[in-house]
Amino acid sequence: MNSRRDFLKHVSAAALAAGVTPSLLTWALPQDQSVDFPGEDGMVLRSFRFVDLEAPVAYFNTWLTPIPHFFVRNHMFEPVQLDAQDWRLSLGGEVDKPLTLSLAELSKLEAHSVVNTLECAGNGRSLHRPQVPGIQWGKGAVSTARFSGPRLRDLLQRAGVKPTGKHVMFRGLDEVPGKVPPFIRSIPIEKALDADTLIATHMNGSPLTKHHGFPARALVPGWIGAASCKWLTEIKLLENEFAGNFMNPAYRFPNQPGKPGEAIKPEDTHPLTALSVKSVIAGPSDGSTVKAGKLSIHGAAWAGEADIAKVEISTDAGATWTPAKLGHDQAHYAWRLWTYEWKGAKSGDYSILSRATDTQGRTQPATPVWNPSGYLYNAIDEVKIHVA
Amino acid sequence: MSHRMDSPLAYPHTNCHPDRSIPFPKGMECGVEGPAVAANLSRSRRFFTPMNSLGTIFAAIALLALAFGSAQAQKPASASLTADLPAGPVQAKATTVCLECHEARIILQQRLSKAAWTKEVDKMTKWGALVDPADRDALIDYLSANFSPDKPPYDPQRTAGSGKSSK
Numbered sequence: 009m010n011s012r013r014d015f016l017k018h019v020s021a022a023a024l025a026a027g028v029t030p031s032l033l034t035w036a037l038p039q040d041q042s043v044d045f046p047g048e049d050g051m052v053l054r055s056f057r058f059v060d061l062e063a064p065v066a067y068f069n070t071w072l073t074p075i076p077h078f079f080v081r082n083h084m085f086e087p088v089q090l091d092a093q094d095w096r097l098s099l100g101g102e103v104d105k106p107l108t109l110s111l112a113e114l115s116k117l118e119a120h121s122v123v124n125t126l127e128c129a130g131n132g133r134s135l136h137r138p139q140v141p142g143i144q145w146g147k148g149a150v151s152t153a154r155f156s157g158p159r160l161r162d163l164l165q166r167a168g169v170k171p172t173g174k175h176v177m178f179r180g181l182d183e184v185p186g187k188v189p190p191f192i193r194s195i196p197i198e199k200a201l202d203a204d205t206l207i208a209t210h211m212n213g214s215p216l217t218k219h220h221g222f223p224a225r226a227l228v229p230g231w232i233g234a235a236s237c238k239w240l241t242e243i244k245l246l247e248n249e250f251a252g253n254f255m256n257p258a259y260r261f262p263n264q265p266g267k268p269g270e271a272i273k274p275e276d277t278h279p280l281t282a283l284s285v286k287s288v289i290a291g292p293s294d295g296s297t298v299k300a301g302k303l304s305i306h307g308a309a310w311a312g313e314a315d316i317a318k319v320e321i322s323t324d325a326g327a328t329w330t331p332a333k334l335g336h337d338q339a340h341y342a343w344r345l346w347t348y349e350w351k352g353a354k355s356g357d358y359s360i361l362s363r364a365t366d367t368q369g370r371t372q373p374a375t376p377v378w379n380p381s382g383y384l385y386n387a388i389d390e391v392k393i394h395v396a
Numbered sequence: 002m003s004h005r006m007d008s009p010l011a012y013p014h015t016n017c018h019p020d021r022s023i024p025f026p027k028g029m030e031c032g033v034e035g036p037a038v039a040a041n042l043s044r045s046r047r048f049f050t051p052m053n054s055l056g057t058i059f060a061a062i063a064l065l066a067l068a069f070g071s072a073q074a075q076k077p078a079s080a081s082l083t084a085d086l087p088a089g090p091v092q093a094k095a096t097t098v099c100l101e102c103h104e105a106r107i108i109l110q111q112r113l114s115k116a117a118w119t120k121e122v123d124k125m126t127k128w129g130a131l132v133d134p135a136d137r138d139a140l141i142d143y144l145s146a147n148f149s150p151d152k153p154p155y156d157p158q159r160t161a162g163s164g165k166s167s168k
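In order, the protein sequence lines correspond to chains D and W.
So the first sequence is numbered by this note's numbering: it starts at 9 and just counts up by one.
So the second sequence is numbered by this note's numbering: it starts at 2 and just counts up by one.
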C-alpha cells in the first residue's frame with residue numbers, strides 16, 4: 009500500500025535527482041502575499057486543508073453577504089465526490105416510515121426562504137483571555153444569507169415521527185482525518201419542527217457551493233453554525249441527544265460563568281443552542297486614522313433567536329452612549345446593519361465602542377463569559393482610532 | 002491504491018485519510034506541501050532504493066510538471082500555500098506527526114500555555130496522531146516554547162481578490 013509519506017519520499021528523491029533545492033519546494037514567498045482561492049474574495053485564511061475562512065469586518069456593510077465574502081468553517085476535509093445524481097438524504101430512526109430522497113425529489117418539495125445570520129460558535133475566540141485552543145477567529149466568522157429549501161418539518165411529517173423521537177440527528181459527508189470522531193450533532197425535536205428550520209439547498213438564490221454544503225445542509229436559524237450541518241446525508245430521530253464528541257465535550261457552555269482560566273466540570277455545562285446578542289464595528293477600522301469632522305461609524309448587530317432592540321455607540325470609551333440608527337432591512341434571524349454619524353470629531357485618539365441590546369433584554373457585557381473552548385464571545389466591541 | 006486522475010500530482014492514501022484522495026483546489030494538492038517535502042529530504046536518501054524508483058520517476062515527472070506550471074502561471078500575488086513549523090529539535094517529527102492531517106497554520110495561530118499544549122497533544126494522539134511516547138514531552142516543549150501566550154499575535158494571510166468590502 010502506498011502512503012503519503014512514500015509519495016513524499018518519491019517527490020523528495022526526485023527533487024534530489026533533478027537537483028531541485030528544498031527552497032523551491034517550499035515556495036518560500038513572503039507570508040504577507042495573498043493565496044489564490046477560487047471563489048473566495050479577500051478572506052482571512054485561518055486554515056487551508058480544512059477550509060476555514062474569515063470575513064474581514066469591513067465586509068459587514070451589506071445585509072446579505074455575497075457568497076465570496078461568506079465565512080467558511082470546516083472541522084475536517086470536504087467530501088471529494090459529491091455527485092448531485094448519486095447524492096441521497098435518508099431519514100430514519102424513531103419514525104413510522106423511513107425515507108430516502110434524491111436531490112430531484114427534495115427539489116420538488118415546497119421551498120421556503122429564511123434570511124439567517126450564521127455565526128460560528130467560536131467567533132471571537134482569539135479575543136478570550138486566557139487564550140484557548142481552536143481556530144483563532146477574530147470577529148468575522150459570521151455572515152448573513154437568504155437560505156432556501158424545504159422545511160425539515162415537512163419531511164418529518166411525511167416520515168411520521170414516533171413519540172419516542174425527541175432529538176433529530178444530522179450527519180454530514182465531511183471526511184474524517186485519522187481517528188477524529190465524525191461530525192454528527194443533534195437538535196431537539198421542538199427546534200426541528202419550527203417552520204423556519206430548513207433543509208437548505210440554496211443560498212442567496214443560487215445552489216449551495218461546495219464550501220457551504222452542496223447539495224443540501226441543515227439550516228437551524230438563530231443557532232450556532234455547527235447546528236446547521238453541511239453536506240447533509242442522514243437525518244435520524246433519536247430518543248436522546250446524540251452522544252458524540254461534537255455534542256459533548258465540544259460545543260458546550262458553562263451553566264454559570266466561572267473564573268477565566270478555571271476548569272469547568274462537564275456536568276456544569278450545557279449544549280450550545282442559540283447565539284448571543286452581539287454587535288461589531290465594521291468601520292472605521294481598528295487602528296485607522298480618520299479626518300476630523302463628520303465621521304460615519306457603522307456595523308452589524310444580531311441576537312440569534314431574538315431581535316435587536318437597540319445599538320448604542322460610545323465615542324468616549326464608555327462614559328456616554330448614544331443610539332445608532334438601525335438599517336431598514338430586517339428579518340427575525342438576520343443581523344441589523346447600523347450607522348452612527350459622529351459630528352464634530354476633533355483630533356485626538358479615541359476608543360469607539362458599540363453595544364447591542366435585544367428584545368429579550370440581553371445586552372452585550374463589558375467582559376465575555378470565558379470558557380475553555382472560547383465559545384460565544386460577545387463583549388462590547390471596540391475600535392481604537394486616531395482623528396487627525 | 003487509487004489516485005485522483007484529474008491532476009498530475011495525485012494525492013495518495015494516507016493514514017490520516019484512508020479512503021479517498023484529499024480535495025484540494027486545482028494546483029494546491031496536498032502531496033506537494035513544501036515543509037513536509039523539505040522535512041523528508043534527509044530521510045529520502047535512506048529510502049531511495051531501486052524498489053521505489055518507479056515512484057520516484059513518477060514524482061520527478063510530476064515535479065517538473067509542477068515547476069513548469071508554476072513558472073508559466075506567473076502569479077506574483079500568490080504566496081505559499083503552506084507554511085513551515087519553526088526550527089527546533091523536533092521540527093521534522095512535528096511536521097510528520099501533526100501535518101499528516103492538518104497544516105502548520107492550525108498550529109502557528111495558537112498561543113497556549115504548556116498545560117493547554119499538553120491537552121492538545123494528548124487529544125491529537127487519541128485522534129490518531131502517531132506520536133511516539135518517547136517524543137511526547139519534547140513535542141509539548143517545542144509547541145509551548147514556540148507558541149506561548151507571550152508571543153506576538155499571528156498574522157494570517159488573505160485569499161486573493163479585491164479585498165474590498167462588498168459595496
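Yeah, the Cβ is synthetic: ideal placement off N, Cα and C, and Gly gets one too.
Nothing here was measured: the structure is a model prediction, and the numbers come from that model.
Go ahead and pull the three-state DSSP assignment for VAL65/D.
helix
So which residues of chain D does LEU144/W contact, with C-beta pairs closer than 8 Å?
Those do not exist, as LEU144/W stays about 11 Å from chain D at its closest Cβ, beyond 8 Å.
Which term fits THR375/D, buried or exposed, when burial requires 16 or more other beta carbons within 10 angstroms of its beta carbon?
exposed
For ASP91/D, which three-state DSSP category applies?
coil
Comparing alpha-carbon positions, which option in PHE191/D, GLU62/D and HIS83/D lies nearest LEU53/D?
GLU62/D
Using 8 Å as the limit for Cβ to Cβ distance, is PHE45/D near chain W?
yes
Could you check what DSSP says for GLU198/D in three-state terms: helix, strand or coil?
helix
DSSP state of GLU247/D, grouped into three classes?
coil
Below 8 Å on the Cβ atoms is my contact criterion, and I expect ARG225/D with ALA208/D to pass it. Report the Cβ-Cβ distance as a whole number of Å.
5 Å
If we call anything under 8 Å between Cβ atoms a contact, is ARG57/D one with PRO268/D?
no
Which residues, taken in chain order from the region 92–105 of chain W, show a beta carbon closer than 8 Å to some beta carbon of chain D?
THR97, GLU101, CYS102, HIS103 and GLU104
Got a sec, what are the start and stop residues for the beta strand (DSSP E) LYS398/D sits in?
For chain D, the structure presents residues 9 to 396; residue 398/D sits outside this window and is missing.
What's the C-alpha gap between GLU121/W and VAL80/D?
23 Å
Members of the region 47–59 of chain D near chain W, C-beta cut-off 7 Å:
GLU48, ASP49, GLY50, MET51, VAL52, LEU53, ARG54, SER55, PHE56, ARG57 and PHE58
Buried/exposed call for THR160/W, threshold 16 Cβ in 10 Å
buried
Below 8 Å on the Cβ atoms is my contact criterion, and I expect ILE243/D with PHE191/D to pass it. Report the Cβ-Cβ distance as a whole number of Å.
Not really, about 14 Å apart at Cβ, beyond 8 Å.
Since LEU227/D contacts LEU206/D with CB under 8 Å, what's their CB separation in whole angstroms?
4 Å
Keeping to the same chain, check which residues put their C-beta closer than 6 Å to that of ASN253/D; ignore five residues upstream and five downstream.
PRO189
Inter-stretch contact at 8 Å, needing at least 3 Cβ pairs: the region 300–312 of chain D / the region 343–350 of chain D:
yes
So, is ASP182/D buried or exposed, given that buried needs 16 or more other C-beta atoms within 10 angstroms?
buried
Residue span of the alpha helix (DSSP H) that contains GLU121/W, given as start and end:
115–127
Considering VAL98/W, what are the terminal residues of the beta strand (DSSP E) in which it resides?
No beta strand (DSSP E) holds VAL98/W; the alpha helix (DSSP H) holding it covers 92–99.
If we require 4 or more residues per run, which alpha helix (DSSP H) segments fall completely within the region 103–172 of chain D?
111–116 and 160–167
Given a limit of 7 Å on CB to CB distance, which residues of the region 182–208 of chain D reach chain W?
GLU183, PRO185, GLY186, LYS187 and VAL188
6 Å Cβ shell around ALA311/D - same chain, five flanking residues per side excluded
VAL285 and ASP366
Inter-residue spacing [alpha-carbon to alpha-carbon] between GLY180/D and TYR155/W:
31 Å
Assigned secondary structure, ARG137/W (DSSP; H/G/I helix, E/B strand, else coil)
helix
So, for PRO185/D: in the same chain, excluding its five sequence neighbours on each side, which residues have a beta-carbon less than 7 Å away from its beta-carbon?
MET84 and PHE85
Between SER362/D and chain W, is there a C-beta pair that is closer than 8 Å?
no
Using a Cβ-Cβ cutoff of less than 8 Å, which residues in the same chain neighbour GLU118/D once the five nearest sequence positions on both sides are dropped?
PRO158, ARG159 and ASP162
Comparing C-alpha positions only, which one of LEU240/D, ALA200/D and ASP202/D sits nearest to HIS219/D?
LEU240/D
Is it true that the CB of ARG363/D sits closer than 8 Å to the CB of GLU320/D?
yes
Am I right that GLU127/D and LYS170/D are in contact with their C-beta atoms under 8 Å? What's the rounded C-beta distance?
Incorrect: roughly 33 Å between the Cβ atoms, too far for contact.
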